[in-house]
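J.: If you read the sequence shown in the numbering used here, its first letter stands for residue 3, the second for the next number, and so on.
Even for Gly, the Cβ is constructed at its ideal location relative to N, Cα and C.
None of the values given here were measured: they were computed from a predicted structure.
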Amino acid sequence: MRRRRGGGGGEEGGGEEGGGGEEGENEEERRRGEEEEEGRRGGEEEEERRRGGGGEEEERKERMRRRRRRGGRRRRRRGRRRGGGGEEERRRRRGGGEEGENEEEEEEEEEERKEEERKERKERKEEEEEERKERKEERRRRGGEEGGGEEERKEEEEEERKEERKEERRRE
């Protein structure tokens, strides 16, 4: 006698081997979905390697494709991150059907672009800070060699004031 899988089929089925039924199928379906997703992702990465990076434009397109595939999950997460904005704001953002989706996609793009700009500004700031430290160190060494270096100190203070003003403007 062959034992039937799931559904507790009388004497020979059921028991520990049977059980599952619906739940087992759902679990299997979910696992299959995950494997497919992983396979697809792996394929994308492989393709990316074969193309050799593909440049920024290609990367942006790829992000768009992934975003479309992920759909709703990402939008909900983003809403929480920005603080939601209450039901009215959400309704306005959502708009009606297609238009609302396009608007949301545009907002997501805008959000990503701003995030990129923030990162770039941060990197630039760090680089400038590093350069400033190097110049400062160089001036200090030169000042030590010449014995005194009053001018260098004044120059340094002026430089620092300029940097601070630049930072203030950036924050505004």
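How many Å lie between Arg120 and Arg155 at the Cα?
T.: Going by the C-alpha atoms only, they are around 33 Å apart.
J.: Are the beta-carbon atoms of Glu158 and Lys138 separated by less than 8 Å?
T.: Yes, the pair counts as a contact, with Cβ atoms nearer than the cut-off.
J.: Using alpha carbons as the reference points, say which of Lys164, Arg141 and Arg163 lies closest to Glu153.
T.: It is Arg141.
J.: Going by CA-CA distance only, name the one from Glu130, Glu106 and Glu136 that's closest to Glu166.
T.: Of Glu130, Glu106 and Glu136, the residue nearest in Cα terms is Glu130.
J.: Rank Glu64, Glu58 and Arg68 by C-alpha distance to the C-alpha of Glu39 and give the top, closest one.
T.: When each option's Cα is compared against that of Glu39, the closest is Arg68.
J.: Note down the Cα distance separating Glu169 from Glu136, rounded to an integer number of angstroms.
T.: Going from the Cα of Glu169 to the Cα of Glu136 covers about 19 Å.
J.: Could you give the distance in angstroms between the alpha-carbon of Glu37 and the alpha-carbon of Met66?
T.: Cα-Cα distance, rounded: 22 Å.
J.: Compare the C-alpha of Arg134 against each of Glu58, Glu161 and Asn104 and name the closest.
T.: Nearest of Glu58, Glu161 and Asn104 to Arg134, Cα basis: Glu161.
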